[in-house]
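For the sequence shown, the positions run -17 to -1, 1 to 584 when mature numbering (1 follows the signal peptide of the UniProt record, and there is no 0) is used. Backbone N, C-alpha and C define an ideal beta-carbon position, used for all residues, glycine too.
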Amino acid sequence: MFKCFFILICITALTRAIKLKSEQTTKEWWERAGFYQVYPRSFKDSDGDGIGDLNGITEKLSYLKDIGMRGFWLSPMYKSPMADFGYDISDFRDIQPEYGTMDDFKKQIAEAKRLGLKLILDFVPNHSSDEHEWFKKSVNREQGYEDYYVWRDGKRNPNNASEMLPPNNWLSGFRGSAWQWNEQRQQFYYHLFTAQQPDLNFRNPAVVQEMKDILLFWLELGVDGFRVDSVGCMYEIPADENGNFPDEPLSGTTNDPEDFAYLEHIYTIDRLENVGMVYEWRQLLDDYQKQHGGDRRIMMTESWSSLDIIKPYFSDIKGREGAQMPFNFRMITELNSTSTAYDFKNVIDSWMAIVDDDHTANWVLGNHDRSRVATRMGEQRIDGLTMIQLTLPGVSVTYQGDEIGMTDVDISWEETVDPAGCNEGKDNYVSKSRDPVRTPFQWDDTNLAGFTNGTRTWLPVGPNYRTVNVRVQSSDTMSHLSIFKALMSLREKDTFLYGDWRTVALNDQVFAVIRDLKMSDSYMTLVNFGSSVQTIDGSSLLSSIPKTLYYAIVSGSSSHKAGDTVPTKTIVLEAYESFVLEVRRSEDNKMRAAVCERWLQ
């Protein structure tokens, strides 16, 4: 009788193991991935002109593979006058000459495929450059292009009959009116961004089809997906029967009438039609994969809006699928250097609440538009934040340089090139300029950080490049880079891929991420955000926990080493210390398996 009972237990355990293994095979490549954002102008210069380029990126793709990435998304490298450094596109089907040629891009795709890396292309559908042929034809009212952009008549100034005023009060994200007068056409055109970036008219079916054709063009070249820029900005409210747009209401948050925040953008941002367009693009990508085979082509979307706006980008109640990865910017927008463990828990849990079982979470700590994580959150917290990001369930996205702890660089007014900063003027440019986070990548401690063999760079190199660089950190096992690589390796374990998760704020200072999976080791990520020593009782965090835990990965400031043990009931975290602890259950599982094997023989 006892033997039969024991055999039943063994069979049950085996069935669970088989079921677990079956579940593990359902994850697609991107659900297991870490992605890396490459900003081409600042990654690696191959020809000595001080500007990063495609061949420089191709040369360094092996670095992305080495640090554990499965894919990278490439910020715009399309042909452009560079009024907004590539986001003003004059040809959606060609390469900016200072970055290289189409042949260079094809070589990059080939090298990425050789290394097993997926290439995600930045897709900028909202607008083009005013130097694009489409815009020139639209200015001339050429047949088929008359309404390619958003044109409107102006209003005569009652105090000056020779002056035309904008159609309404809509504002540009780069200050001032969103309407620009075109003398030749004798109308205003709408531009949410700079005046050199006229908005395309997505209520024109020809524009919608044009953008789909562009996606297909790059898919045919072998790209693996797209990151959609400014996804919530493509559609404005329809004009009334007289062709007029309504004014937007005042926000009450600033008294500066030129500032974008002066208005509440209820007619120009986050229209539901944007979500519908994403569903159409997802269908295009899925259809392409069905027709051509290979791995799924994916879509990421950029929106800084609230969670209720973001959620539909995943899917809708009709079963239509949208982006696999609507970017999660909550750690950028909602957290800072004074945030408590409770703040972290709230931000993480609220995001996970909108991600259902059919979709996958993603975690973004930084990008090319916001202050670097090391500057924004504090350099002493870098390792802890990386541990949180890389031990949470889902996909990680890393902005180039964050893995080595690069910081914002002070840029003088004379050195400033970002139009967002330049438009603010000398007295206020620092508040809006994105240049400090776009400085050249710091490869080594040689001249100009190994970014170029030339004599200058398009933006100044960070002054800390002698110590904060890839070469120095590669040889230091306690460096930010080494810790990052160790975490990328750790997250390949089944517990992180398939396990349950839970966040715990143990007090204001100490935050924990718990990962648990039956038949596997469990893990606790513990982070001390504060400047005082904290002692934690780990037995409250997991059931059936052993009396001793093991350090799996420790922060650079820690006195511990991987493999050291710690009593479960008295876990001490020094100021700003962080580590991942391993709860070893695999030995027990092996013992049970061995016993079952003997009884089943």
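Review point. In or out: residue 450 buried (at least 16 other Cβ within 10 Å) or exposed?
Key: By the neighbour-count criterion, in which 16 or more other beta carbons inside 10 Å mark a residue as buried, residue 450 falls on the exposed side.
Practice item. Name the residue from 500, 372 and 492 whose alpha carbon lies nearest to the alpha carbon of residue 557. Key: Nearest option by C-alpha distance: 492.
Practice item. Pull up the distance between the alpha-carbon of residue 47 and that of residue 339, whole angstroms please. Key: Taking the straight line joining both Cα atoms gives about 30 Å.
Exercise for review: Compare the Cα-Cα distances from residue 136 to each of 16, 127 and 146 and report the closest residue.
Suggested key: For residue 136, the nearest C-alpha among the options comes from 146.
Review point. Can we say the stretch 16 to 34 touches the stretch 414 to 434, given the rule of at least three CB pairs closer than 8 Å?
Key: The stretch 414 to 434 and the stretch 16 to 34 touch, with three or more beta-carbon pairs separated by less than 8 Å.
Practice item. Pick out whichever of 65, 179 and 152 has its Cα sitting closest to the Cα of residue 118. Key: Relative to the Cα of residue 118, the nearest Cα in the group 65, 179 and 152 belongs to 179.
Review point. What are the boundary residues of the alpha helix (DSSP H) that residue 117 is part of?
Key: Start and end: 116 to 122.
Check your understanding: Comparing alpha-carbon positions, which option in 457, 84 and 229 lies nearest residue 149?
Key -> For residue 149, the closest of 457, 84 and 229 by C-alpha to C-alpha distance is 229.
Review point. Counting Cβ pairs, one atom from each stretch, are 3 or more of them under 8 Å apart for the stretch 212 to 219 and the stretch 252 to 271?
Key: Look at the beta carbons and you see the stretch 212 to 219 touching the stretch 252 to 271: at least three pairs across the two are nearer than 8 Å.
Review point. Hey, would you say residue 312 sits closer than 8 Å to residue 197, going by beta carbons?
Key: Not a contact, by the Cβ cut-off of 8 Å.
Check your understanding: Cβ of residue 561 within 8 Å of Cβ of residue 509?
Key -> Yes, the Cβ-Cβ distance between residue 561 and residue 509 is below 8 Å.
Practice item. Using three-state DSSP, classify residue 546 as helix, strand or coil. Key: Three-state DSSP puts residue 546 in coil, outside helix and strand.
**Study point:** Straight-line Cα distance separating residue 286 from residue 309
**Key:** Residue 309 and residue 286 have their C-alpha atoms some 7 Å from each other.
Review point. Which residues does DSSP pair with residue 565 in a beta bridge?
Key: Answer by DSSP bridge pairing, in chain order: 506 and 533.
**Study point:** Neighbour flag for residue 47 against chain D, beta carbons, 8 Å
**Key:** Considering every chain present, this structure includes no chain D. It has just one protein chain.
Practice item. Would you identify the three-state DSSP class for residue 325, choosing helix, strand or coil? Key: Note: residue 325 maps to helix in three-state DSSP.
**Study point:** Pick from 227, 226 and 245 that is closest to residue 235, judged by C-alpha positions
**Key:** For the options 227, 226 and 245, the alpha carbon positioned closest to that of residue 235 is the one of 245.
Review point. Taking the alpha carbon of residue 268 as the point to measure from, which residue in 90, 203 and 300 has its own alpha carbon closest?
Key: Nearest option by C-alpha distance: 203.
**Study point:** Cβ-Cβ distance between residue 478 and residue 505 below 8 Å
**Key:** Taking 8 Å as the Cβ cut-off, residue 478 and residue 505 qualify as a contacting pair.
Review point. For the stretch 401 to 416 against the stretch 374 to 392, are there 3 or more C-beta pairs whose distance is under 8 Å?
Key: Taking one beta carbon from each stretch, the stretch 401 to 416 and the stretch 374 to 392 have fewer than 3 pairs nearer than 8 Å; the two do not touch.
Check your understanding: What does residue 304 pair with, by DSSP beta-bridge criteria?
Key -> Answer is 298, bridged to residue 304.
Exercise for review: Report yes if the CB atom of residue 102 is closer than 8 Å to the CB atom of residue 55, and no otherwise.
Suggested key: Annotated as proximal: residue 102 and residue 55, with beta-carbon spacing under 8 Å.
Check your understanding: Given a threshold of 16 other Cβ atoms within 10 Å of its Cβ, counted over all protein chains shown, does residue 128 qualify as buried or as exposed?
Key -> Note on residue 128: 16 or more other CB atoms within 10 angstroms of its CB, so buried under the neighbour-count rule.
Check your understanding: What is the DSSP secondary structure of residue 157, counted as helix, strand or coil?
Key -> In this structure, DSSP gives residue 157 a state outside helix and strand, which the three-state scheme calls coil.
Review point. Which residues share a DSSP beta bridge with residue 163?
Key: Its beta-bridge partners are 172.
Check your understanding: What residue range is occupied by the uninterrupted beta strand (DSSP E) comprising residue 77?
Key -> Its beta strand (DSSP E) spans residues 74 to 78.
Review point. With 16 as the cutoff for other CB atoms within 10 Å, does residue 516 come out buried or exposed?
Key: Burial check for residue 516: the Cβ neighbour count within 10 Å stays below 16, so the residue is exposed.
**Study point:** Cut-off 8 Å between Cβ atoms - residues of its own chain near residue 241, not counting five sequence neighbours on either side
**Key:** Correct list, in chain order: 154, 158 and 159.
Exercise for review: For residue 220, collect the residues of the same chain with a Cβ closer than 6 Å to its Cβ; drop the 5 residues on either side in sequence, then sort them by chain order.
Suggested key: Closer than 6 Å at Cβ, skipping near neighbours: 250.
Point to revise | Distance between residue 316 and residue 247 (C-alpha atoms, nearest Å) | key: Using only the alpha carbons, I get a separation of about 18 Å.
**Study point:** Residue interval of the alpha helix (DSSP H) (run including residue 403)
**Key:** Start and end: 402 to 405.
Check your understanding: How many angstroms separate the CA atom of residue 445 from the CA atom of residue 141?
Key -> Each residue's Cα considered, the two are about 52 Å apart.
Check your understanding: Going straight from the alpha carbon of residue 542 to that of residue 398, what length do you get?
Key -> Straight across, the Cα-Cα distance linking residue 542 with residue 398 is about 42 Å.
**Study point:** Own chain, CB closer than 6 Å to residue 151, minus 5 neighbours either side, in chain order
**Key:** Taken in chain order, the residues that qualify are 228 and 230.
**Study point:** Nearest-angstrom beta carbon gap, residue 373 and residue 471 [assumed within contact, 8 Å]
**Key:** Yes, they are in contact, since the Cβ atoms of residue 471 and residue 373 sit about 7 Å apart, within 8 Å.
Point to revise | Exposed unless 16 or more other CB atoms sit within 10 angstroms - verdict on residue 200 | key: Result: exposed.
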